[in-house]
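Enquirer: Each residue of the sequence shown is one higher than the one before, counting from 1 in full-length UniProt numbering.
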Amino acid sequence: MTSLAQALIKLIAATLIIILILFAATRGGSQTPPETGENAETGLVMPDMTFFSAEDVTVRVNSTDDVFAAGGTVRVDQTSADHLVLAGGEISVADVSIQDLFAAGGTIKLVSGAASDDIVAAGGEIDVEPGFSIGSSAVLTGGEVRVETPVPADLRVGAANAYVNSPVGGDARLSGELVTLGPKARIEGDLFYRTENLVLEPGAVVTGRQVPMPETDRSAMEEWGQGAGRLFATFALSVLVGFTVLVMVIAVAVPALMRSASDMIRQRPLQSLGIGALIAVGAPFLIFLLFASVVGAPLAMLVAAICISLTPIAIAATAYFVGMEARRIATKQTEPPAGILGRLLWPGLGAAIVLILGLIPLAGLLVWILALLFGLGAIATRGGKALAVAT
1 MTSLAQALIK LIAATLIIIL ILFAATRGGS QTPPETGENA ETGLVMPDMT FFSAEDVTVR
61 VNSTDDVFAA GGTVRVDQTS ADHLVLAGGE ISVADVSIQD LFAAGGTIKL VSGAASDDIV
121 AAGGEIDVEP GFSIGSSAVL TGGEVRVETP VPADLRVGAA NAYVNSPVGG DARLSGELVT
181 LGPKARIEGD LFYRTENLVL EPGAVVTGRQ VPMPETDRSA MEEWGQGAGR LFATFALSVL
241 VGFTVLVMVI AVAVPALMRS ASDMIRQRPL QSLGIGALIA VGAPFLIFLL FASVVGAPLA
301 MLVAAICISL TPIAIAATAY FVGMEARRIA TKQTEPPAGI LGRLLWPGLG AAIVLILGLI
361 PLAGLLVWIL ALLFGLGAIA TRGGKALAVA T
């Protein structure tokens, strides 16, 4: 057993003893029930603004103020409120009496009830059914949007597939790959459309003009969306450059640490992953236990600060490993690069590879988790020895 491993065992044992002492010295007390959780079902009369958050939320509230709800699945039923603001993976709204509705989610179904003013929704699939009443305008954007209830004022829809099968009292501004007006659609104002596939089914009526919108003719919301897209692209580029520079700086500042961690990941990948997972799971638990006792809070904050500071270094170690492996494959060289150019180029390439893979939907999250775990395990195992050699 190495001296570092013995030191880690002693540190863990000492920490456990400290925790036991702290808990023994701490008085028990009553706890306030949490406002969030895995499940939440409400049936309340609330005069003030209310917030609900859980993995599975069912809201039944009679409120004269605003109601906010967020969760994996959000169901709103028999609810009255001023503004109803929802966010979730699956959202369903039924039997409501509200002023305005704002919703964002994967699937949004507006089944029944009434919004006396406007509705604004964004999601993968939005379905506004005939039983849901809209008092004024509607602004909807998503992958697939279906509107089958009357819209007294203006209607704006931006979607890959937009389907309108109801009367619209004002203008309709529709854009998408496919825009369809169903047999019950009746546009009292003008129809502005941006699509190469406009379908008017038998029975659809447009009493005003039918005006194709050029690419340069965009609404304020569309302009905002374009600006947001440019901002996101700039931010993504900044993150790419910043992360790459961070890895290169760490590689130059502590080359012994990066080389030792890279060797650990290559020689003992499963051990690196296992130790990293143990740290990633155990550290939050340790912080929680320390925070649970009053006198342990400073130590908890210290542990949290150490974990936060180690996170970029751990990911940088994995990126360094990826870059060195790319160098090994490309040049068949196993010795560390001697020149400053090689010490910057290959770690920077590794950082770019990790970041690009991390941008892949769904799989990118796994990439970041693995990069963190491998790096944590390698840094924890080889860090002390590498830094001691460097000094």
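Positions of the beta carbon are idealized from the N, C-alpha and C atoms, including for glycine.
1. Does the structure place the segment 328 to 336 close enough to the segment 272 to 280 that three or more beta carbon pairs sit under 8 Å?
2. If you drop the 5 nearest sequence neighbours on each side, which residues of the same chain put their C-beta closer than 6 Å to that of N39?
3. Is the distance from the Cβ of V145 to the Cβ of A162 below 7 Å?
4. According to DSSP, is T381 part of a helix, a strand, or is it coil?
5. G124 to L362, Cα distance in whole Å?
6. Along the beta strand (DSSP E) that carries P212, what are the first and last residues, could you check?
7. Let's test the definition: count the other Cβ atoms within 10 Å of the Cβ of V252 and tell me whether it reaches 16, buried, or not, exposed.
8. I need the DSSP call for L362, collapsed to helix, strand or coil.
9. Between F132 and L101, is the Cβ-Cβ spacing less than 7 Å?
10. Have a look at V211 and I353 and give me their C-alpha separation to the nearest angstrom.
11. Which residue marks the beginning of the alpha helix (DSSP H) containing E325, and which one marks its end?
12. CB-CB under 7 Å to S30, same chain, minus the five flanking residues each way: which ones, in chain order?
13. Pick helix, strand or coil for S262, following the three-state DSSP scheme.
14. Under a three-way DSSP split, which group does A153 fall into?
15. Consult DSSP for G276 and reduce its assignment to one of helix, strand or coil.
16. From L299 to T79, what does the alpha carbon distance come to, in whole angstroms?
17. By DSSP, does G342 sit in helix, in strand, or in coil?
18. Using a threshold of 7 Å, state whether the C-beta atoms of S112 and A94 are closer than that.
19. For A104, report the span of its beta strand (DSSP E) as first-last.
20. Of all the options K184, A172, V303 and P183, which has the alpha carbon lying nearest to the alpha carbon of M213?
21. I'd like the list of long-range same chain contacts for R27, defined as Cβ closer than 8 Å, with 5 residues on each side in sequence excluded.
22. In the DSSP output, which residue or residues are listed as bridge partners for G124?
23. Which two residues bound the contiguous beta strand (DSSP E) that contains V59?
24. Specify the secondary structure class of S175 as computed by DSSP and reduced to three states.
25. Using three-state DSSP, classify N39 as helix, strand or coil.
26. Considering only the beta carbon of each residue, do V179 and T195 sit closer than 7 Å?
27. Count the other CB atoms within 10 Å of the CB of I306; is the residue buried (16 or more) or exposed (fewer)?
28. Taking the straight line between their C-alpha atoms, what separation do you get for L344 and M248?
29. On a CA-only basis, which of G342, A256 and Q271 is nearest A317? Give me that one, please.
30. Among M324, F52, I308 and L366, whose alpha-carbon lies nearest the alpha-carbon of G348?
Expert: According to the data block:
1. Cβ pair count under 8 Å is below three, so no.
2. At N39 the pLDDT is 48, less than 50, meaning the model places this residue with poor confidence and gives no usable figure here.
3. yes
4. helix
5. 16 Å
6. Q210 to P212
7. exposed
8. L362 falls in the coil class under three-state DSSP.
9. Against a cut-off of 7 Å, the Cβ pair of L101 and F132 comes out as no contact.
10. 46 Å
11. According to the DSSP assignment, E325 belongs to the alpha helix (DSSP H) that extends over A297 to T331.
12. At S30, the pLDDT of 32 sits below 50, so the modelled position is not reliable; the number obtained from the coordinates is stated separately. Taken in chain order, the list of residues that qualify is empty.
13. helix
14. coil
15. helix
16. 45 Å
17. In the three-state reduction of the DSSP assignment, G342 falls in the helix class.
18. Annotated as proximal: S112 and A94, with beta-carbon spacing under 7 Å.
19. V67 to L110
20. Nearest to M213 by C-alpha distance, out of K184, A172, V303 and P183, is A172.
21. Low per-residue confidence applies at R27: pLDDT is 36, beneath 50, and the placement is therefore not dependable, though the value from the model is reported in the following sentence. Answer for R27: no residue qualifies.
22. Bridge partners of G124: none, in fact.
23. T50 to V59
24. Annotated three-state conformation of S175 is strand, per DSSP.
25. With a pLDDT of 48 at N39, under the threshold of 50, the modelled position of that residue is not reliable, and the figure given next carries that caveat. Strand at N39.
26. Against a cut-off of 7 Å, the Cβ pair of T195 and V179 comes out as a contact.
27. exposed
28. Looking at the two C-alpha atoms, the distance is approximately 5 Å.
29. A256
30. M324
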